[in-house]
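Right, here's the structure in full:
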């Protein structure tokens, strides 16, 4: 076959790979400063307002599988094109280890379906090593990022409340929605057990922040991406205005193979494969920003080999791909008898919990583990979907029927239909999301023996939890039972024990993976400097979660956004001064 | 209906109070242009690959007519309907759902087919007839032996496992249908303005919003205002 690489005619100031939180933010900030941008996305174009793509406000019966998760892992209406496995784009694992990798291939990436939990890292979160001697400190502190958190809050919008909790910095908050009924029960139970619950902090517009976006209309479906832009998705809130600036060319279905370099090893642009015709293309740019997600960006760097960079681009430290870490996660379900036979009303609320528990034991030294977790809660009279009504036999034999007599578990007919109604809205649950400690050996590297369907070598993962994370999960499970007991609930199922690592999910499952191109002051032990710029290649930046040194128990998106804005300001300045 | 009208109907349709959304939709015309609502059968925002997958599943049959007839009879025993609410087999799209989901989640295939065989075998053993040809009384005699998994006799264990699966599918098929959702009383999936748990409900549960919650929380009448940060102190 004849092989040809087609060169795009325009030379850009900046080529950005990936259109999620980091890439979207870089595109918005840099395009508004007048730079000519090529924004490259591996999936199709996406706009939640496009009626062809909309799933918001659809009913379960509009799906032939009634919303089941066989095509989209979080249900048929979830707005993520992709999932844990993508046809023709495999990844492998070192034997005996686990890592599950979730990818969204679409403009906006995973921000189209994420939980909108928008937490700032606190002062402690940037300097954990100073407190427990483990992992590493960030080269920056809270005060460096704080002005950008402020700007992100105001640009994008996040609701919450000022609480003055030391490591949970307050922000520019829109007013929160009032708690739902089960959340009031949770609050009562948790506080009785000495565990705080405060309004959650979600990037959902309870009030408007500009004229282009409507306020939330409380359908609970943020995971479907909002047609009136009432929540944050990079596609609608960042990429769209960036395109409107006239300075952005968007390349979709473009799978980047490598960053191209000149003989001095500086970046010259990217080489991608157009998924629709499988042809190879080159984009030239003065600066390349990778924001393809922590693992995808690491993969591109490791695949960008040359005689100047034989070990992969920006990898003289051998740190690219290392220190990969995800949040810990463990969950428990419960049944609350007081919530049987509920009065019906619309309690959809926002897409997510109205209250949550921030980590409350920073002062405790004797827990057996050193990093914290927050607790997320769910429950309520939600919209039925595939799986609704399953396993009633686990519940309906446990409480007396309407005639006060004990029923036999299972059953059929009118009395079974009545049971489904009676128990509706009485089951609830909670999940811990905790900080893990980054380790050099937890990594992704290139598996030269396995290629994706575009001929690009794929990632091989090697990741194991340590005792720290396992003990943290055990603590979560004890806490869950404490809360369930004090709220008068009944814990469902067996309490996960040692044999299951206390319900600790596989690494990757919480989809907060970060750390693969971490920042630092020492070029020998880090990939990026404190402005997300590669130590080895001054005109190369990484603006996704890869830059994280540690991830706190906070969901990473708000920090990705703040750091990408900060790095874009720095980059613009360097370009103007002619230093890049 | 033009785009703006359809968006308006999307909002106004579900609202108790027109005050809450006022007429901001007209003022923010650029937003009103954002979407329109179109309803077509199974036009639910699929990617081309997903559409192809759905169509492929729909093009094949798994159950025989005989099997589907038995499934529908069983399903109506589980969900017989009540008053104006039809039995599950008569809710829109139920047989199609059962057929589709069995192919979509292939782990249903063997247990469903095997369970139906168990059921026919049991019907012949007891009455020398197919399950669908039994009298109501004869059918219920079998069902009573398999419907309560915690006290099922050892000789009916396979039937009980099958019945639990059938009960799951019938229940989920019903409560995800238009009629089933109405029967259940789910009142959401429409634009509205959340202003907390109704007072009478809070009271019945012995709970109340404290002063802090009431002061901090959103005032629904302010929800269309653009946030002004000038007096915000951080």
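Protein chains in written order, with our numbering: chain A, 1 to 580; chain B, 581 to 814. We put the beta carbon where it would ideally sit given N, CA and C, even for glycine.
- Taking 7 Å as the cut-off, the Cβ atoms of residue 502(A) and residue 473(A) count as close.
- Listed along chain A are 181, 338, each with a C-beta nearer than 7 Å to that of residue 785(B).
- Going by DSSP, residue 753(B) is part of the alpha helix (DSSP H) stretching over 737-755.
- Within the segment 729-746 of chain B, the residues whose Cβ lies closer than 7 Å to any Cβ of chain A are, in chain order, 729, 730, 731, 744.
- Here the alpha carbons of residue 526(A) and residue 137(A) stand approximately 12 Å from one another.
- Contacts between residue 161(A) and chain B, judged by CB atoms closer than 8 Å, involve 796 in chain order.
- Residue-level contact by beta carbon holds for residue 769(B) and chain A, with a gap shorter than 7 Å.
- At a beta-carbon threshold of 7 Å, the residues of chain B lying near residue 346(A) are 767, 768, 772, ordered along the chain.
- In the DSSP annotation of this structure, the continuous segment of the beta strand (DSSP E) that includes residue 457(A) starts and ends at 457-462.
- Going by DSSP, residue 116(A) is part of no alpha helix (DSSP H) at all; its letter is neither H nor E.
- The DSSP assignment places 248-251, 254-261 as complete runs of the beta strand (DSSP E) inside the segment 184-264 of chain A, in order along the chain (cut-off: 3 residues).
- Straight through space, the alpha carbons of residue 199(A) and residue 177(A) are spaced by roughly 8 Å.
- Residue 544(A) counts as buried, since at least 16 other C-beta atoms from the protein chains shown sit within 10 angstroms of its C-beta.
- Under the Cβ criterion of 7 Å, residue 666(B) is not counted among the residues facing chain A.
- Annotation: Cβ neighbours of residue 752(B) in chain A (cutoff 7 Å, chain order): 66, 386, 387, 388, 389, 390.
- Residue 350(A) and residue 532(A) have their C-alpha atoms spaced approximately 34 Å apart.
- Neighbours of residue 804(B) across chain A, judged by C-beta separation under 9 Å: 207, 208, 214, 215.
- Just measuring C-alpha positions, the residue of 152(A), 256(A), 227(A), 105(A) sitting nearest residue 288(A) is 256(A).
- In the DSSP assignment, residue 430(A) falls within the unbroken beta strand (DSSP E) covering 427-434.
- When DSSP reads this structure, residue 541(A) sits in a beta bridge with 289(A), 533(A).
- The Cβ atoms of residue 100(A) and residue 506(A) sit closer than 7 Å to each other.
- About 6 Å separates the CB atoms of residue 266(A) and residue 537(A); that is less than 8 Å, so the two are in contact.
- Between residue 641(B) and the set 624(B), 707(B), 677(B), the nearest pair of CA atoms involves 677(B).
- Judged by their CB atoms, residue 379(A) and residue 535(A) are not nearer to each other than the 7 Å cut-off.
- Its chain contains 544 as the residues whose beta carbon lies nearer than 6 Å to that of residue 293(A), once the 5 sequence neighbours on both sides are disregarded; these appear in chain order.
- Taking 7 Å as the threshold, the shortest C-beta distance from residue 663(B) to chain A does not fall below it.
- Going by beta carbons, residue 436(A) and residue 469(A) fall inside the 7 Å limit.
- Rounded to the nearest whole angstrom, the CA to CA distance from residue 651(B) to residue 701(B) is 15 Å.
- When DSSP states are grouped into helix, strand and coil, residue 53(A) belongs to the coil group.
- Against chain A, the beta carbon of residue 718(B) has no neighbour under 9 Å; the closest one sits roughly 16 Å away.
- Residue 393(A) belongs to the set of residues whose beta carbon lies under 7 Å from a beta carbon in chain B.
- Residue 319(A) is positioned such that its CB atom lies no closer than 7 Å to that of residue 302(A).
- Scanning the segment 4-38 of chain A from its first residue to its last, the whole alpha helix (DSSP H) runs of 4-plus residues come out as 21-32.
- Shown here for residue 445(A): same chain residues with a beta carbon closer than 8 Å to its own, the five before and five after excluded, namely 302, 321, 459, 460, 462 in chain order.
- Of all C-beta pairs linking the segment 557-571 of chain A to the segment 14-28 of chain A, three or more are shorter than 8 Å, placing the two stretches in contact.
- Cβ proximity to chain A below 9 Å picks out 676, 677, 680, 681, 684, 685 from the segment 675-708 of chain B.
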